[in-house]
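Undergrad: Here it is: the structure, laid out below.
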Amino acid sequence: MKSVKSVFFMLLFLLGGMAQAEVSKKPLPPIKRVISFGDSLTDAGTYGFRFTTNPGLTWAQHVALHFGQEPLPNQHVISYSQVYKGLPGLDGPGGYNYAQGGARANSAYSQVSQNPEGVPISTKVQVQRFIKQHHRFESEDLVTLFVGTNDVAYNYDLSNDAVLAKQLRDNVLPSEEVMKAERSRVITAAKDTAHVARDILDNGAERLMILKLVDMGGMPWFRSQASQTFMSDLSALFNKELVGSLPKDSRILIVDTPDFIGRLVKDAGVLGFKYGLHEDACKELDQDYCYPDSLKSPDADKTYIYAAGEHMATKTNELLAEYVLEKLSLSDLK
């Protein structure tokens, strides 16, 4: 028969375990800040415009507004002509949206400079900039990370690989040797993105939302069948490697952006979309952004899914914000 003393200590042990379980289940405090890292799909206006059908907002701006936060970029430039040249951005307005159009996961986007501080800064540098300014993330922060589009499409840019870019535009698939090099490059970018996620978690983030890339073959910039196949394959590879490289951590919520676009296509009529994949709301080809006077029609910001080559039109951004908030509300990170 056990002594009274041993029973007492056993009860203390059990109660302690129950208390520990209660601590581990303690809900997170309400979200007070939305901190966003990424590229043009998230950018709040670093260059004086947004990569969408202006004056529409990007999805991350809508999410910030939902939580009562001004949806401002962190840096700015005097002119868009200063971008991609290795020149650092200027401080201000100091918002929590660090995303910059053209950003890659962990590399510069420039043919003339590899200065890591030159705009657009990579997501790795964006996170470093946040840490320098604010020291660490807090438990009431919602952090978002959405990057990879520029890494996947990098060599479709005629300035980066004129031979491959022209070949794809001429509807010729690359050789297996070229594809092997492209896959290796994309895998590295996906792993770099996972490292950025780890940096965010290591610096105190309790809520990290990571968005997968859309099926880039459906974006209007890629007009030939060869380029669409190329982009679909590489964006799918990026997503696979990213998810596989991320830590198994309850603080991470992965957003299935391809599923989101699939829903828009499937329910286009109900949602008011008249034009689906491969269609661009902007009047001219290969624009980075457009305004009401450069749309294909007055309602193009609401009837097209995509705009400006690789970007989402106004309504799509609004719906993505709703999709993200819905996923957040159904998760343990709410």
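Okay, so the sequence shown: first residue is 31 according to the numbering used here, each after it adds one.
We put the beta carbon where it would ideally sit given N, CA and C, even for glycine.
Values in this document were obtained by computation on a predicted structure and should not be read as measured data.
#1: Considering only C-alpha positions, which residue in the set Val107, Tyr126, Ser111 is nearest to Gly119?
#2: Confirm, please, whether the CB-CB distance from Val177 to Ala133 is below 8 angstroms.
#3: In the DSSP assignment, the alpha helix (DSSP H) including Gly299 goes from what residue to what residue?
#4: Taking all protein chains shown into account, decide if Gly78 is buried (16 or more other Cβ within 10 angstroms of its Cβ) or exposed.
#5: Looking at Lys221: is its Cβ nearer than 8 angstroms to the Cβ of Glu271?
#6: Can you tell me whether Asn145 is helix, strand or coil according to DSSP?
#7: With DSSP as the reference, please indicate the residues paired to Gln105 in a beta bridge.
#8: Take the Cβ of Ser327 as the centre, count every other Cβ of all protein chains shown within 10 Å, and call the residue buried at 16 or more, exposed below.
#9: Should the segment 272-284 be called in touch with the segment 307-327, which here means at least 3 C-beta pairs below 8 angstroms?
#10: Measure how close the beta-carbons of Asp73 and Ala138 come, nearest whole angstrom, since I'm counting them as under 8 angstroms.
#11: Could you say which of Asp318, Pro288, Asp331 lies nearest to Trp251 if we only look at CA atoms?
#12: Based on Cα-Cα distance, which residue from Ser169, Asn136, Leu276 lies nearest to Val157?
#13: So is Leu360 buried or exposed if we call it buried at 16+ other beta carbons inside 10 Å?
#14: With DSSP collapsed to three states, give me the class of Gly306.
#15: Would Gly202 and Ala235 be called neighbours here (beta carbons separated by less than 8 angstroms)?
#16: So, under 8 angstroms CB-CB, Ala298 and Thr83 are touching, yes? Tell me the CB distance rounded to an integer number of Å.
#17: Using the beta-carbon count (16 or more within 10 Å), is Ala351 buried or exposed?
#18: Quick check: the Cα distance between Phe67 and Leu294, rounded to an integer number of angstroms?
#19: Can you find a CB in chain C that lies within less than 8 angstroms of the CB of Glu309?
#20: How far does the alpha helix (DSSP H) with Tyr353 in it reach, from first residue to last?
#21: Exposed or buried, Lys332, counting other C-beta atoms within 10 Å across all chains shown (16 or more means buried)?
#22: Between Leu371 and Val226, is the Cβ-Cβ spacing less than 8 angstroms?
#23: Can you give me the C-alpha to C-alpha distance between Asp187 and Pro60, rounded to a whole angstrom?
#24: Based on Cα-Cα distance, which residue from Asn127, His164, Arg166 lies nearest to Ile151?
#25: Arg228 to Asp323, Cα distance in whole Å?
#26: Express the C-alpha separation of Arg215 and Gly86 in angstroms, rounding to a whole number.
#27: In the DSSP assignment, the beta strand (DSSP E) including Gly68 goes from what residue to what residue?
#28: What are the partner residues of Phe176, as DSSP defines its beta bridges?
#29: Rounded C-beta distance between Lys345 and Pro288? I'm assuming under 8 angstroms.
TA: Answer, in terms of the structure:
#1: By 1-based counting over the sequence shown, the position of residue 119 is 89. The shortest C-alpha separation from Gly119 is found at Val107.
#2: If you number the sequence shown from 1, residue 133 lands on position 103. If you number the sequence shown from 1, residue 177 lands on position 147. Ala133 is a Cβ neighbour of Val177, given a cutoff of 8 angstroms.
#3: On the sequence shown, residue 299 is found 269 positions in, with the first residue counted as 1. Per DSSP, Gly299 belongs to the alpha helix (DSSP H) from 298-301.
#4: Mapped onto the sequence shown, residue 78 falls at position 48. That one is exposed.
#5: In the sequence shown, counting from the first residue as 1, residue 221 sits at position 191. In the sequence shown, counting from the first residue as 1, residue 271 sits at position 241. For Lys221 and Glu271, yes; Cβs fall inside 8 angstroms.
#6: In the sequence shown, the residue the question calls residue 145 occupies position 115. Residue state, collapsed to three classes: coil.
#7: Taking the sequence shown and counting its residues from 1, one reaches residue 105 at position 75. Bridge pairing for Gln105: Asp121 [DSSP].
#8: Translated into the one-based positions of the sequence shown, residue 327 becomes position 297. Flag for Ser327 reads exposed.
#9: Judged by Cβ distances under 8 angstroms, the segment 272-284 makes no contact with the segment 307-327, as fewer than three pairs qualify.
#10: Residue 73 sits at position 43 when you count from the first residue of the sequence shown. Residue 138 sits at position 108 when you count from the first residue of the sequence shown. Between Ala138 and Asp73 the Cβ distance is about 17 angstroms, and since that is not below 8 angstroms, they are no contact.
#11: Translated into positions along the sequence shown, residue 251 becomes position 221. Ranking Asp318, Pro288, Asp331 by Cα distance to Trp251 puts Asp318 first.
#12: Working through the sequence shown from its first residue, we reach residue 157 at position 127. Among Ser169, Asn136, Leu276, the Cα nearest to that of Val157 belongs to Asn136.
#13: Here residue 360 refers to the residue found at position 330 when the sequence shown is read from its first residue. By the neighbour-count rule (16 or more Cβ atoms within 10 Å), Leu360 is not buried but exposed.
#14: Numbered from 1 along the sequence shown, position 276 holds the residue referred to as residue 306. Looking at Gly306 - three-state DSSP - the assignment turns out to be strand.
#15: Here residue 202 is taken as the residue at index 172 of the sequence shown, counted from 1. Here residue 235 is taken as the residue at index 205 of the sequence shown, counted from 1. The residue you asked about is not Gly; residue 202 is Val in the sequence shown. Not in contact: Val202 and Ala235 (Cβ atoms no closer than 8 angstroms).
#16: Taking the sequence shown and counting its residues from 1, the one referred to as residue 298 is at position 268. Taking the sequence shown and counting its residues from 1, the one referred to as residue 83 is at position 53. Incorrect: roughly 17 angstroms between the Cβ atoms, too far for contact.
#17: On the sequence shown, position 321 is the one that residue 351 refers to. Buried is the call here.
#18: If you number the sequence shown from 1, residue 67 lands on position 37. If you number the sequence shown from 1, residue 294 lands on position 264. Looking at the two C-alpha atoms, the distance is approximately 25 angstroms.
#19: The chain labelled as chain C is not found in the depicted structure, where only one protein chain is given.
#20: Counted from its first residue, the sequence shown places residue 353 at position 323. That run of the alpha helix (DSSP H) goes 344-359.
#21: Position 302 of the sequence shown holds residue 332. Burial call: buried.
#22: Residue coverage of the chain in this structure runs from 31 to 364, which leaves residue 371 outside it and unanswerable.
#23: Taking the sequence shown and counting its residues from 1, the one referred to as residue 187 is at position 157. Taking the sequence shown and counting its residues from 1, the one referred to as residue 60 is at position 30. Answer to the nearest angstrom: the Cα atoms are 42 angstroms apart.
#24: Counted from its first residue, the sequence shown places residue 151 at position 121. Among Asn127, His164, Arg166, the Cα nearest to that of Ile151 belongs to Asn127.
#25: Taking the first residue of the sequence shown as 1, we reach residue 228 at position 198. Taking the first residue of the sequence shown as 1, we reach residue 323 at position 293. Whole-angstrom Cα-Cα distance: 43 angstroms.
#26: Looking up residue 86 in the sequence shown gives position 56. Looking up residue 215 in the sequence shown gives position 185. Computed Cα separation, rounded: 33 angstroms.
#27: By 1-based counting over the sequence shown, the position of residue 68 is 38. Taken as a continuous stretch (DSSP letters only), the beta strand (DSSP E) holding Gly68 covers 63-68.
#28: Indexing the sequence shown from 1 puts residue 176 at position 146. Looking at the DSSP assignment, Phe176 forms a beta bridge with Gly68.
#29: Here residue 345 refers to the residue found at position 315 when the sequence shown is read from its first residue. Here residue 288 refers to the residue found at position 258 when the sequence shown is read from its first residue. With 8 angstroms as the limit, Lys345 and Pro288 do not qualify as a contact, their Cβ atoms being about 18 angstroms apart.
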